[in-house]
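Participant: Residue numbers (our numbering), protein chains in the order written: chain X, 7 to 279; chain W, 7 to 279.
Using N, Cα and C, we set each Cβ at its ideal position, and we do this for glycine too.
Dropping a structure here in structure tokens format, bear with me for questions.
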């Protein structure tokens with residue numbers, strides 16, 4: 007079983023920021039990624055629709071024989087929590103690993119959380135943080151414009167549009183004096199510089215992709231599922247929209263140019279499997 | 007047949023800007039609207055995915071016995087052009103009515119077109135304008151951030167973020183001296199004031215929803231399909247995501263508070279019908 011792949015899914019290509027971290031932490035693992043690019047974004051949809059999509063995504067990865075499933079998507083991790091109990095393989099979302107890292111990082115006990123509307127409405131990060139330490143003060147803010155900004159190339163830290171949107175969403179948290187901020191959506195690390203420039207260097211940014219990769223390594227290790235091969239693992243990418251857009255966008259999230267192409271899996275196959 | 011409804015569909019709720027105009031022009035008509043809110047937006051997806059979604063949307067309206075179908079969506083009208091020939095009832099998109107109005111409106115022969123990436127890549131408006139008058143100079147610009155701006159409430163003409171994004175996208179057209187601009191996406195009329203403030207009062211904005219409503223009235227009239235009833239028609243709204251978000255957002259596009267609620271139609275029903 008240890009040579010089987012780790013399955014990672016996301017509403018689109020944002021989850022590749024988690025894959026990037028996973029490759030750093032576990033270079034020998036094979037990874038199968040599914041990005042639901044024909045139905046992205048999830049974060050502004052209703053809970054019932056998000057749950058249905060997440061079930062279909064996980065079922066697709068199971069059909070590929072994965073040994074662990076990671077929902078590298080703040081929205082799915084926050085809303086489709088029944089996946090934790092319903093899958094025949096270990097599963098993790100991004101909420102628990104990321105909340106745990108934030109609780110460790112804060113010095114003044116004031117943590118900010120930003121995410122999609124669905125993530126913030128679910129209070130998933132907040133609930134997990136308070137479960138770990140009820141004395142912490144939590145400040146939440148939905149940032150629905152960050153995903154389209156990143157997806158349309160508005161990412162430069164010196165872009166006045168990026169700076170203004172960051173200020174609009176984060177002004178209140180800044181005035182509250184948070185010292186730790188959870189980037190609760192896989193797209194947000196792409197504009198981390200602009201966020202950090204606005205909040206100042208004393209505020210620690212917690213990247214959900216990075217923390218989740220470390221957490222996944224722990225799950226595999228504790229269940230003796232680590233791939234002990236000495237060769238580098240492979241990555242296989244599936245997307246539900248056509249594959250043309252993949253290579254163009256994937257490098258933004260993976261942080262390197264991608265020579266792989268993706269494989270198309272139709273919505274019909276997803277909903278009927 | 008004249009008492010049957012007009013069917014209108016859109017990727018989401020933006021097409022309600024066309025319904026608003028339709029109610030003004032044809033108050034006695036019954037209207038059935040379908041908004042594919044579980045899969046919005048279409049404009050950044052591939053052509054093959056957009057065509058598949060459009061076929062499913064039209065099929066759903068046919069199942070409701072409509073006498074005319076309007077694709078109140080710049081993306082569908084531009085990409086899924088095979089709908090013109092494949093439906094058993096009259097069909098119109100927004101491209102031909104809107105291009106015709108722009109050709110009539112221009113005085114200096116310089117027309118700008120803004121829309122989603124899929125609409126602009128299709129060159130649909132440009133092709134139709136040049137078919138009508140090959141001497142016209144056409145300037146196109148994809149504005150992918152306008153839809154999320156509108157959907158997330160960034161619509162005030164004095165909002166610095168709206169103003170900066172408008173300037174970023176339209177600076178080149180302005181310097182080219184266009185005197186007519188096609189708002190080639192149903193969301194764009196919502197920020198028409200900001201666009202007009204930037205381009206100046208001499209530039210005429212052409213609203214695809216308004217022109218398409220007038221065009222639809224002509225089709226019905228010429229085919230003797232007008233509803234000759236003397237009572238006001240009714241509107242029935244269907245959405246593919248849950249109905250909770252409908253009333254909250256619908257009034258932005260309809261320009262009045264909506265007392266109706268929408269009916270949910272699941273993606274499963276859409277894809278399997």
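Using the rule of at least 16 other Cβ atoms within 10 Å of the residue's Cβ for burial, across every protein chain shown, is residue 269 of chain X buried or exposed?
Facilitator: Mapped onto the first chain, residue 269 of chain X falls at position 263. Counting every other CB atom within 10 Å of its CB across the protein chains shown gives residue 269 of chain X a total below 16, marking it as exposed.
Participant: For residue 51 of chain X and residue 60 of chain W, which I take to be in contact (beta-carbon distance under 8 Å), what is that distance rounded to the nearest angstrom?
Facilitator: As a first step, residue 51 of chain X is located in the first chain; it is residue number 45 there, counting from the start. As a first step, residue 60 of chain W is located in the second chain; it is residue number 54 there, counting from the start. 20 Å between Cβ atoms; not a contact.
Participant: Let me see if you follow: with CB-CB separation under 9 Å, is residue 44 of chain W close to chain X or not?
Facilitator: Numbered from 1 along the second chain, position 38 holds the residue referred to as residue 44 of chain W. Closer than 9 Å: yes.
Participant: Identify, in the order they occur along the chain, each residue of the same chain with its Cβ nearer than 6 Å to the Cβ of residue 245 of chain X, setting aside the five sequence neighbours on each side.
Facilitator: As a working note, residue 245 of chain X is residue 239 in the first chain. Around residue 245 of chain X: 41, 43, 252 and 268.
Participant: What's the gap between the Cα of residue 46 of chain W and the Cα of residue 236 of chain X?
Facilitator: Sequence index remark: in the second chain, residue 46 of chain W carries index 40 (1-based). Sequence index remark: in the first chain, residue 236 of chain X carries index 230 (1-based). Their Cα atoms are separated by approximately 44 Å.
Participant: If you reduce the DSSP assignment to three classes, tell me which class residue 160 of chain X lands in.
Facilitator: By one-based count along the first chain, residue 160 of chain X stands at place 154. If DSSP states are grouped into helix, strand and coil, residue 160 of chain X belongs with coil.
Participant: Alpha carbons only, please: which of W/103, W/130, W/69 and W/109 is nearest the one belonging to residue 86 of chain W?
Facilitator: For the purposes of this step, residue 86 of chain W is taken as the residue at position 80 of the second chain. The candidate whose alpha carbon is nearest that of residue 86 of chain W is W/130.
Participant: Using only the heavy atoms of the ligand GTP, determine whether one of them is closer than 8 Å to the beta carbon of residue 156 of chain W.
Facilitator: With respect to small molecules bound, the structure shown includes none, and the ligand GTP cannot be examined in it.
Participant: Please return the same chain residues whose Cβ sits closer than 8 Å to the Cβ of residue 90 of chain X, not counting the five positions on each side in sequence.
Facilitator: What you label residue 90 of chain X is simply residue 84 of the first chain in a count that begins at 1. Closer than 8 Å at Cβ, skipping near neighbours: 97 and 99.
Participant: Assign residue 243 of chain X to one of three DSSP states: helix, strand, or coil.
Facilitator: The residue you call residue 243 of chain X lines up with position 237 of the first chain. Three-state DSSP puts residue 243 of chain X in a strand.
Participant: With 7 Å as the limit, tell me which residues of the stretch 81-99 of chain X have their beta carbon closer than that to any beta carbon of chain W; keep them in chain order.
Facilitator: For the stretch 81-99 of chain X, the beta-carbon criterion of a distance under 7 Å to any beta-carbon of chain W is satisfied by none of its residues.
Participant: Can you round the beta-carbon distance between residue 239 of chain W and residue 35 of chain W to whole angstroms, since I take them to be within the 8 Å contact cut?
Facilitator: Along the second chain, one-based indexing puts residue 239 of chain W at 233. Along the second chain, one-based indexing puts residue 35 of chain W at 29. Right, their Cβ atoms sit about 5 Å apart.
Participant: Is the CB of residue 155 of chain W under 9 Å away from at least one CB in chain X?
Facilitator: The residue labelled residue 155 of chain W in the question sits at position 149 within the second chain. Nearest CB-CB separation between residue 155 of chain W and chain X: below the 9 Å threshold.
Participant: Determine the direct distance from the alpha carbon of residue 53 of chain X to that of residue 146 of chain W, and round the result to whole angstroms.
Facilitator: In the second chain, residue 146 of chain W corresponds to position 140, counting from 1. In the first chain, residue 53 of chain X corresponds to position 47, counting from 1. Going by the C-alpha atoms only, they are around 38 Å apart.
Participant: Cβ of residue 20 of chain X within 9 Å of Cβ of residue 156 of chain X?
Facilitator: Working through the first chain from its first residue, we reach residue 20 of chain X at position 14. Working through the first chain from its first residue, we reach residue 156 of chain X at position 150. It is a contact, given that the beta carbons lie within the stated cut-off.
Participant: With DSSP run on the structure shown, which of helix, strand or coil describes residue 148 of chain X?
Facilitator: Counted from its first residue, the first chain places residue 148 of chain X at position 142. In the displayed model, residue 148 of chain X falls within a strand according to three-state DSSP.
Participant: Is it buried or exposed, residue 30 of chain X, if we count other Cβ atoms within 10 angstroms and call 16 or more buried?
Facilitator: Here residue 30 of chain X corresponds to residue number 24 of the first chain, with the count starting at 1. With fewer than 16 Cβ atoms within 10 Å of its Cβ, residue 30 of chain X is classed as exposed.
Participant: So with CB distances below 8 Å, who are the chain X contacts of residue 247 of chain W?
Facilitator: The residue you call residue 247 of chain W lines up with position 241 of the second chain. Per Cβ cutoff of 8 Å: 51, 52 and 55.
Participant: Cα separation between residue 204 of chain X and residue 230 of chain X?
Facilitator: On the first chain, position 198 is the one that residue 204 of chain X refers to. On the first chain, position 224 is the one that residue 230 of chain X refers to. Computed Cα separation, rounded: 43 Å.
Participant: Would you identify the three-state DSSP class for residue 48 of chain X, choosing helix, strand or coil?
Facilitator: What you label residue 48 of chain X is simply residue 42 of the first chain in a count that begins at 1. Residue 48 of chain X: coil per DSSP, three-state reduction.
Participant: Would you list the residues sitting across from residue 194 of chain X in a DSSP beta bridge?
Facilitator: Residue 194 of chain X sits at position 188 when you count from the first residue of the first chain. By DSSP's assignment, residue 194 of chain X forms no beta bridge with any residue.
Participant: Terminal residues of the continuous beta strand (DSSP E) containing residue 186 of chain X?
Facilitator: Walking along the first chain from the start, residue 186 of chain X turns up at place 180. It spans 186-189 - the beta strand (DSSP E) in which residue 186 of chain X sits, taken as one unbroken run.
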